[in-house]
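In my numbering, the protein residues as written are 40 to 618.
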Amino acid sequence: MLYPKRTQTRDLFELNGIWNFARELDESNYAEGFTAEKQVAVPGSYNDLFTDNEFRTWEKGTWYARSFQLPRMLRSERIVLRFGSVSYRAEVYLNGQHLGGHETGYTPFEFDITELAKFDDENLLCVRVENTLSNETVPMGNLQNKPEAGQFAGQYPDTPFDFFPYAGIQRPVAIYTTPKTAWLDQVAVETTYEGNTGHVSIGGRCCGQAAKAFISVQGTEASTTVELHDQTFASMLKIESVQLWGVNRPNLYQARIQLIDTDGNVLDDYTQQFGVRTVKVDGNRILLNEKPVYLQGFGRHEDFHIIGKGLNHSVNIRDHELLKWIHANSYRTTHYPYSEELIQLADEQGILLIAEAPAVSINFDYVNEQTLKAHKKVLAELIERDRNNPSVIMWSVANEATTDRPESIPYFKELSELVRSMDSTRPVTMISCKGADDLVMDFFDVVGVNTYPGWYHLPGQVDAAKEHLRASLKQMHEQFRKPILITEFGADTIAGMHSLPVEQWSEEYQTELILGLIEVMREMDFVVGEHIWNFADFRTAQGFARVGGNKKGVFTRERQPKMVAHFLKKFWSKPRYED
Ligand code: BDP
Numbered sequence: 040m041l042y043p044k045r046t047q048t049r050d051l052f053e054l055n056g057i058w059n060f061a062r063e064l065d066e067s068n069y070a071e072g073f074t075a076e077k078q079v080a081v082p083g084s085y086n087d088l089f090t091d092n093e094f095r096t097w098e099k100g101t102w103y104a105r106s107f108q109l110p111r112m113l114r115s116e117r118i119v120l121r122f123g124s125v126s127y128r129a130e131v132y133l134n135g136q137h138l139g140g141h142e143t144g145y146t147p148f149e150f151d152i153t154e155l156a157k158f159d160d161e162n163l164l165c166v167r168v169e170n171t172l173s174n175e176t177v178p179m180g181n182l183q184n185k186p187e188a189g190q191f192a193g194q195y196p197d198t199p200f201d202f203f204p205y206a207g208i209q210r211p212v213a214i215y216t217t218p219k220t221a222w223l224d225q226v227a228v229e230t231t232y233e234g235n236t237g238h239v240s241i242g243g244r245c246c247g248q249a250a251k252a253f254i255s256v257q258g259t260e261a262s263t264t265v266e267l268h269d270q271t272f273a274s275m276l277k278i279e280s281v282q283l284w285g286v287n288r289p290n291l292y293q294a295r296i297q298l299i300d301t302d303g304n305v306l307d308d309y310t311q312q313f314g315v316r317t318v319k320v321d322g323n324r325i326l327l328n329e330k331p332v333y334l335q336g337f338g339r340h341e342d343f344h345i346i347g348k349g350l351n352h353s354v355n356i357r358d359h360e361l362l363k364w365i366h367a368n369s370y371r372t373t374h375y376p377y378s379e380e381l382i383q384l385a386d387e388q389g390i391l392l393i394a395e396a397p398a399v400s401i402n403f404d405y406v407n408e409q410t411l412k413a414h415k416k417v418l419a420e421l422i423e424r425d426r427n428n429p430s431v432i433m434w435s436v437a438n439e440a441t442t443d444r445p446e447s448i449p450y451f452k453e454l455s456e457l458v459r460s461m462d463s464t465r466p467v468t469m470i471s472c473k474g475a476d477d478l479v480m481d482f483f484d485v486v487g488v489n490t491y492p493g494w495y496h497l498p499g500q501v502d503a504a505k506e507h508l509r510a511s512l513k514q515m516h517e518q519f520r521k522p523i524l525i526t527e528f529g530a531d532t533i534a535g536m537h538s539l540p541v542e543q544w545s546e547e548y549q550t551e552l553i554l555g556l557i558e559v560m561r562e563m564d565f566v567v568g569e570h571i572w573n574f575a576d577f578r579t580a581q582g583f584a585r586v587g588g589n590k591k592g593v594f595t596r597e598r599q600p601k602m603v604a605h606f607l608k609k610f611w612s613k614p615r616y617e618d
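Laid out in structure tokens, this is it:
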């Protein structure tokens, strides 16, 4: 699915703003309109908007509605309604008619509304949104408070992960048009280079009557015209004196794709951004453009006051600003696909991303066929969505599944095969908390390790935590013989709390523990990166282990630095390998 754009053949407008909102409290036909209980903001999560706890933790059906008019000059066009994401499940109705649904929040979906849209009257758009998680959803939820025993047991709401299960229409809603005669539906760009020449493969799929595709890379000599076969095209272009995409030089190119008819008339016109770069795992290194890159950065969340997980451009800009300030070069989109707009920002600013499926804490006590089906679906949607973004250097299929269970082996084999069949240009990882007992690392290129010595065990004992990490990393490397990326480590820290001698929860403790553990990671030649948990404090479900949220942020939820941030800024200013 393409990102919606206005071009010479396409129009675009957004349906963001204030919508009507009601909880589904009875059997009435909400799809034909309803009395609003509240008004809500789109995009945004609904949970933190109101003062009433009933709304905050409501996970059953809610209804969103708004009306809109269409200008008559669009009558001749194909009209598409697109949602950036709705968590977790959406059923969409236009003028009382069911358009379809989508499950697994965090990925976009769209409907052709050409036939149903009215031009002479208001259109009524109603969306049923539901966030009830189960053992068949990805992520799971409502496991009767029985996640794996540990810090998530007994939480409210009942999730086997700690971040708050925000819900709603969390990303933009847009209407875009394409010509009715022919339109581009899908584009895949893959790149390599040899010396100064970039090799760019651009393929795509279209619908309708086009005969050929004219493809050119703006600002270069590269262009070609290719015939369509079964409504698909494939092309290979060369960019001379290519400027590669990299961390400090995020050079981007625009591929213009024009669908043309047999007389050479342009039917559809779309521009796809891409960067020329390669990424691979070679021995104990991740190579970006054939040079080793050491990942320094964070796990994160899309999370902010009031708006929850709603797209917020200001927070996104601020977060990337802080990443640059602290000399981080990367982050993992823990624990779900982030907004398309944020991934584009990473492309433009040269930030490396590990794009993660929303599969956190998959527990094999509860997995069934349907869980695997949902997991495969959302993984495929993620790859389809982000495959052209140069900032995405690796796919993460899951975080902290119970991968010490034999049932996890065929499950993750199938997932890794799916990813590789869709994209052979990026390494694939899985993030484990099972140490050397993990059974599925054979299927992955990089071993992602979440480890909390000095926090969940060995509290307050930095030296013992370092010793534990040293021993466990060596053991894991012996076992897996693959590069290890430390994807989570850290300590909850109350901003403003100080203590000498150092004690858990204080800024001194976070600083000493994080810097101490990094020292150990850097003793090991097979460690390819350090991602601290977390970039910023974030809202969680309620439980005895969380006081006002998860406080492992290096920055507060307001995006101000804790003490450790200043030390990291200094330490990370010298990259481990020369760029
Ligand atoms: C890890 C999870 C992460 C949690 C973190 C923590 O991957 O989502 O927030 O622990 O406990 O297990 O802070």
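Virtual Cβ for every residue (Gly too), placed ideally from N, Cα, C. Bear in mind the structure is a predicted one, so any value in this text is a computation, not a measurement.
> What does a CB cutoff of less than 6 Å around Asp100 pick up in its chain, not counting 5 residues either side in sequence?
Replying inline: Reading off the sequence, residue 100 comes out as Gly, not Asp. Answer for Gly100: Glu63, Arg167, Glu169, listed in chain order.
> Hey, would you say Val541 sits closer than 7 Å to Leu508, going by beta carbons?
Replying inline: no
> In chain order, what residues of the same chain lie with their CB nearer than 6 Å to the CB of Leu512, ignoring the 5 residues before and after it?
Replying inline: Met563
>> Among the candidates Leu109, Trp102, Pro147, whose CA atom is the shortest distance from the CA of Tyr132?
In response: Trp102
> Run through DSSP, which three-state label would Asn589 get?
Replying inline: strand
> In its own chain, which residues sit with a C-beta less than 7 Å from the C-beta of Leu298, not counting the 5 before and 5 after it?
Replying inline: Ala221, Leu223, Cys245, Ala249, Ala252, Leu306, Asp307
> How do the stretch 82-89 and the stretch 40-51 stand: do at least 3 beta-carbon pairs fall below 8 Å, yes or no?
Replying inline: no
> Thinking C-beta only, is Gly336 closer than 7 Å to Ser378?
Replying inline: no
> Quick one: Cα of Lys591 to Cα of Lys601, how far?
Replying inline: 10 Å
> Sorry if obvious, but does the Cβ on Lys591 come closer than 6 Å to a heavy atom of the ligand BDP?
Replying inline: In this structure, Lys591 has its beta carbon less than 6 Å from a heavy atom of the ligand BDP.
>> Strictly by DSSP, which residues pair up with Asn162?
In response: Phe107
> Where does Ser280 fall in DSSP's three states?
Replying inline: coil
> Counting along the chain, where does the beta strand (DSSP E) carrying His238 start and finish?
Replying inline: His238 -> beta strand (DSSP E) spans 236-247.
> Going along the chain, which residues of its own chain have a beta-carbon closer than 7 Å to the beta-carbon of Val399, five neighbours each way excluded?
Replying inline: Pro178, Phe200, His374, Asn438, Glu439
>> Per DSSP, what are the beta-bridge partners of Asn489 in this structure?
In response: Glu527
>> Using only CA atoms, which one of Ala206, Gly314, Val586 lies nearest to Gly347?
In response: Ala206
> Which value, in whole angstroms, describes the spacing of the CA atoms of Leu497 and Ala503?
Replying inline: 7 Å
> Who are the Cβ neighbours of Pro397 in its own chain at under 8 Å, not counting the five residues just before and after it?
Replying inline: Cβ neighbours of Pro397 beyond the five flanking positions: Thr143, Gly144, Tyr145, Val177, Pro178, His374, Tyr375, Pro376, Val417.
> Between Arg596 and the rest of its own chain, which residues show a CB-CB distance below 8 Å, the 5 nearest in sequence each way excluded?
Replying inline: Asp342, Phe343, His344, Ala575, Asp576, Phe577, Arg578, Gly588, listed in sequence order.
>> Less than 6 Å separating the Cβ of Asn489 from some heavy atom of the ligand BDP?
In response: yes
> Is DSSP giving Tyr215 helix, strand or coil here?
Replying inline: strand
>> For a test of the three-state rule: what should DSSP assign to Gly474, helix, strand or coil?
In response: helix
>> Looking only at its chain, what residues have a beta carbon closer than 7 Å to the beta carbon of Trp611, apart from the 5 residues adjacent to it on each side?
In response: Gln335, Ile365, His366, Ala367
>> Quick check: the Cα distance between Ile325 and Leu524, rounded to an integer number of angstroms?
In response: Within the model, the alpha-carbon separation for Ile325 versus Leu524 is close to 10 Å.
>> Give me, in chain order, the residues of the same chain whose beta-carbon lies closer than 6 Å to that of Met433; leave out the 5 immediate sequence neighbours on both sides.
In response: Closer than 6 Å at the Cβ level, and outside the excluded window around Met433, lie Ile393, Arg465, Pro466, Thr468.
> Taking 6 Å as the line, does the beta carbon of Asp197 fall inside it for any heavy atom of the ligand BDP?
Replying inline: no
> Can Val332 and Tyr232 be called in contact, C-beta distance under 7 Å?
Replying inline: Cβ atoms of Val332 and Tyr232: not closer than 7 Å.
> With respect to 6 Å, is the separation between the Cβ of Glu453 and the closest non-hydrogen atom of the ligand BDP below this value?
Replying inline: no
>> Could you check whether Asp197 and Asn181 sit closer than 7 Å to each other, using their CB atoms as the reference points?
In response: Yes, these two residues count as a Cβ contact at 7 Å.
>> Is any non-hydrogen atom of the ligand BDP found closer than 6 Å to the C-beta of Ala576, if you look at the structure I gave you?
In response: Contrary to the premise, residue 576 reads as Asp rather than Ala in this sequence. No - the ligand BDP has no heavy atom lying nearer than 6 Å to the Cβ of Asp576.
> Hey, Asn235 and Val281 are a contact pair by Cβ (cut 8 Å); roughly how many whole angstroms apart?
Replying inline: 6 Å
> On the three-state DSSP scale, how would you describe Val458?
Replying inline: Val458: helix per DSSP, three-state reduction.
> Taking the beta strand (DSSP E) that Asp358 falls in, what are its first and last residues?
Replying inline: That residue, Asp358, is in no beta strand (DSSP E); its alpha helix (DSSP H) goes 352-364.
> Among the residues of its own chain, which have a CB less than 6 Å from the CB of Ala385, if the five just before and after it don't count?
Replying inline: Leu392, Ser430
>> Could you compute how far the alpha carbon of Phe528 sits from the alpha carbon of Glu569?
In response: 9 Å
>> Contact defined as beta carbons within less than 8 Å: I believe Leu478 pairs with Thr442. What is the distance between those atoms, to the nearest angstrom?
In response: 6 Å
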